[in-house]
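Colleague: So for the sequence shown, my numbering puts the first residue at 14; every next one is plus one.
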Amino acid sequence: MTIDMGKIRREHMRWLILLTLNNARPLGAYEGIALSVVQSEYQDATALELRREADYLSDRKMVDIVKEPNGRWHLDLTRLGTDIVEYTVDCAPGIARPVKYW
C-alpha cells in the first residue's frame with residue numbers, strides 16, 4: 014500500500030485554512046494570512062496552492078471568496094464552514110479534520 018502524500022497535504026491544508034478563518038471570524042482574512050499559517054506546516058506551500066485549496070472549499074460552500082480588483086483574495090467562512098470547524102456537522106471526505114476526542 015502506498016501513501017499518497019499529495020492527498021494528505023491537500024486535505025491538511027484545507028483544514029488549516031478552515032481553522033485560520035475560524036480564528037479570523039467575523040471579519041475573515043486575506044489569503045496572505047492563511048498562507049502564512051499553512052507555511053508554518055508546509056514551508057514550501059505557494060500562493061497558487063493555497064488558492065487552489067481555498068477554491069475547493071468555496072466549491073463545497075465552506076468558504077466565501079471575494080476576488081478583489083487588485084488581485085488579492087479575501088476569504089471568509091460560511092455557515093457550513095463554521096459548523097465543520099465546530100464539529101456540529103459531519104465532515105465529508107476531502108478535509109483532514111481530526112477525529113473529535115472530547
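All residues carry an ideal CB built from backbone N, CA and C; glycine is no exception.
Please state the DSSP three-state secondary structure of Pro51.
Modeller: Your numbering for residue 51 matches position 38 in the sequence shown. The sequence given here places Val at residue 51; Pro does not occur at that position. Reduced to three states, the DSSP call for Val51 is helix.
Colleague: In the DSSP assignment, what residue or residues form a beta bridge with Asn87?
Modeller: Counted from its first residue, the sequence shown places residue 87 at position 74. For the sequence presented, residue 87 should be read as His rather than Asn. Tyr43 and Val79.
Colleague: Rounded to a whole number of angstroms, what is the C-alpha to C-alpha distance between Ile46 and Glu54?
Modeller: Translated into the one-based positions of the sequence shown, residue 46 becomes position 33. Translated into the one-based positions of the sequence shown, residue 54 becomes position 41. Answer to the nearest angstrom: the Cα atoms are 14 angstroms apart.
Colleague: Quick one: residues in its chain with C-beta nearer than 6 angstroms to the C-beta of His25, no 5 flanking neighbours on either side, listed in chain order?
Modeller: Counting from one through the sequence shown, the residue named residue 25 turns up at place 12. For His25, where only same-chain residues beyond five positions count, the Cβ hits under 6 angstroms are Ala109.
Colleague: Tell me whether Ile97 is buried or exposed, calling it buried when 16 or more other Cβ atoms sit within 10 Å of its Cβ.
Modeller: In the sequence shown, the residue the question calls residue 97 occupies position 84. By the neighbour-count rule (16 or more Cβ atoms within 10 Å), Ile97 is buried.
Colleague: With DSSP run on the structure shown, which of helix, strand or coil describes Val98?
Modeller: Here residue 98 corresponds to residue number 85 of the sequence shown, with the count starting at 1. If DSSP states are grouped into helix, strand and coil, Val98 belongs with the helices.
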